[in-house]
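Data block below; observations after.
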Amino acid sequence: MEKSSFASASSGELTAAVYGAGRPVRVIPLRHPLDAAVREAAASSSPSPLSAAMERARAMGPWEWAEAALPCLAWMRSYRWKDFQADLAAGITVGVMLVPQAMSYAKLAGLHPIYGLYTGFVPLFVYAIFGSSRQLAVGPVALVSLLVSNVLGGIVNSSSEFYTELAILLAFMVGILECLMGLLRLGWLIRFISHSVISGFTTASAIVIGLSQIKYFLGYSVTRSSKIIPLVESIIAGIDQFSWHPFVMGSAFLVILLIMKKLGKTNKNLRFLRASGPLTAVVLGTLFVKIFRPPAISVVGEIPQGLPSFSIPRGFEHLMSLMPTAILITGVAILESVGIAKALAAKNGYELDSNKEVYMLP
Numbered sequence: 001m002e003k004s005s006f007a008s009a010s011s012g013e014l015t016a017a018v019y020g021a022g023r024p025v026r027v028i029p030l031r032h033p034l035d036a037a038v039r040e041a042a043a044s045s046s047p048s049p050l051s052a053a054m055e056r057a058r059a060m061g062p063w064e065w066a067e068a069a070l071p072c073l074a075w076m077r078s079y080r081w082k083d084f085q086a087d088l089a090a091g092i093t094v095g096v097m098l099v100p101q102a103m104s105y106a107k108l109a110g111l112h113p114i115y116g117l118y119t120g121f122v123p124l125f126v127y128a129i130f131g132s133s134r135q136l137a138v139g140p141v142a143l144v145s146l147l148v149s150n151v152l153g154g155i156v157n158s159s160s161e162f163y164t165e166l167a168i169l170l171a172f173m174v175g176i177l178e179c180l181m182g183l184l185r186l187g188w189l190i191r192f193i194s195h196s197v198i199s200g201f202t203t204a205s206a207i208v209i210g211l212s213q214i215k216y217f218l219g220y221s222v223t224r225s226s227k228i229i230p231l232v233e234s235i236i237a238g239i240d241q242f243s244w245h246p247f248v249m250g251s252a253f254l255v256i257l258l259i260m261k262k263l264g265k266t267n268k269n270l271r272f273l274r275a276s277g278p279l280t281a282v283v284l285g286t287l288f289v290k291i292f293r294p295p296a297i298s299v300v301g302e303i304p305q306g307l308p309s310f311s312i313p314r315g316f317e318h319l320m321s322l323m324p325t326a327i328l329i330t331g332v333a334i335l336e337s338v339g340i341a342k343a344l345a346a347k348n349g350y351e352l353d354s355n356k357e358v359y360m361l362p
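Every letter in the sequence shown is one number past the one before it in full-length UniProt numbering, and letter 357, counting from 1, is 357.
Here it is as structure tokens:
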């Protein structure tokens with residue numbers, strides 16, 4: 001066996017001859033690790049997050065401070081009036097559709113329909129001033145309404161006035177939690193929730209919501225539950241109370257919605273039908289009930305005018321029992337709103353600060 005021979009250091013290669021055959025091997029030079037003193041000096045020279053934030057705050061001018069407090073100033077300064085017509089059409093469509101949608105979400109939460117209008121009307125104006133997303137519309141959502149109904153329904157009857165006060169207290173708790181998350185800059189936490197979890201949760205909630213709302217479609221009451229099997233059993237048990245009038249009316253408007261959506265997808269010239277489908281169904285349904293007044297079709301009834309007076313809700317003894325639900329609703333609301341806002345921002349080519357969105361949601 002021959003001895004190994006080494007190439008010169010300048011070539012950077014090591015030639016090892018084993019059994020008369022050589023193979024070049026590249027030498028990777030080792031770096032000496034930093035000693036303790038150098039590491040401490042490097043750590044002390046890097047600014048802490050607090051000092052970095054203070055430096056950014058000192059570098060901000062009056063206009064930057066104003067835009068940070070009121071994000072609406074940024075889009076007002078660069079707004080193009082040629083977009084006003086499209087924005088006006090979008091605002092009218094969303095506003096008209098928000099009325100029946102918000103009332104239906106209030107019914108899903110076990111509240112009077114007027115509270116759906118309150119939660120759909122006020123947040124839009126507040127978010128237009130303090131929000132940073134250009135397309136996001138905030139307001140009541142189905143998942144949160146379902147969670148409110150399931151939790152409060154186990155504490156008190158939904159027909160009592162105390163149920164409404166507990167719902168207001170729960171909304172207050174969610175607002176406090178979202179403000180704390182925004183102030184502590186915890187918006188990055190949503191990155192650790194996988195899309196599979198969100199998709200599964202949303203799909204399951206959609207099934208439960210659909211089954212719980214089928215009572216308005218079939219014309220008889222269904223057990224209030226967050227589980228699928230009790231809902232299906234209640235639907236089957238009450239089939240003898242089936243009413244044709246709401247079923248026929250609901251089926252007709254469902255067909256109208258599907259046809260208009262299909263035409264809007266397949267024909268570019270009829271794309272407006274996708275957005276106007278729900279509005280058309282609402283207008284036709286309202287006119288039908290107003291003209292023919294079918295006795296088997298239940299209506300919302302009189303809606304109180306104006307905004308409610310300010311009052312402190314009761315039920316603070318239920319604060320700890322409502323805390324897990326408040327935390328869950330906070331997570332669901334942030335996931336839905338911030339997730340949709342970031343997707344819209346990426347699609348339209350602008351950046352979005354998750355922490356600002358979390359802070360502005362309450």
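From the three backbone atoms N, C-alpha and C, an ideal C-beta is built for every residue, glycine too.
Only a predicted model underlies this, so the values are computations on that prediction, with no experimental measurement involved.
Here the alpha carbons of R274 and T266 stand approximately 10 Å from one another. Boundaries of the alpha helix (DSSP H) harbouring A341: 319–348, taken from the DSSP string. V299 sits exposed, since fewer than 16 C-beta atoms from the chains shown fall within 10 Å of its C-beta. For the segment 177–252, the continuous alpha helix (DSSP H) assignments of 4+ residues that do not extend past its boundaries occur at 195–212, 215–218, 228–237, in sequence order. CA-to-CA, the gap between T203 and Y127 works out to about 27 Å. Under the three-state reduction of DSSP output, F84 falls in the helix class. Going by DSSP, R77 is part of the alpha helix (DSSP H) stretching over 72–77. Nearest Cα to T330 within the set A90, Y115, V144: V144. With respect to the C-alpha of F172, the residue from V332, E336, F316 having the closest C-alpha is F316. The alpha carbon of A345 has as its nearest neighbour, out of G200, I239, Q241, L136, the alpha carbon of L136. Between the C-alpha atoms of I312 and E165 there is a straight-line separation of about 9 Å. Ranked by how close their Cα comes to the Cα of L307, the residues Y115, G210, E351 have Y115 in first place. Scanning its chain for C-beta atoms nearer than 7 Å, with the 5 sequence neighbours on each side dropped, one finds around L352 the residues S132, S133, A341, K342, A345, in chain order. The residues T93, V96, M97, in chain order, have a CB closer than 8 Å to that of L279 in the same chain once the five nearest residues on each side in sequence are set aside.
Taking 7 Å as the cut-off, the Cβ atoms of V358 and G182 count as close.
Distance from I228 to V208 at the Cβ level is roughly 6 Å; contact confirmed, criterion being Cβ atoms closer than 8 Å.
Sixteen is the threshold: since fewer than 16 other Cβ atoms of the shown chains lie within 10 Å of the Cβ of K82, the residue is exposed.
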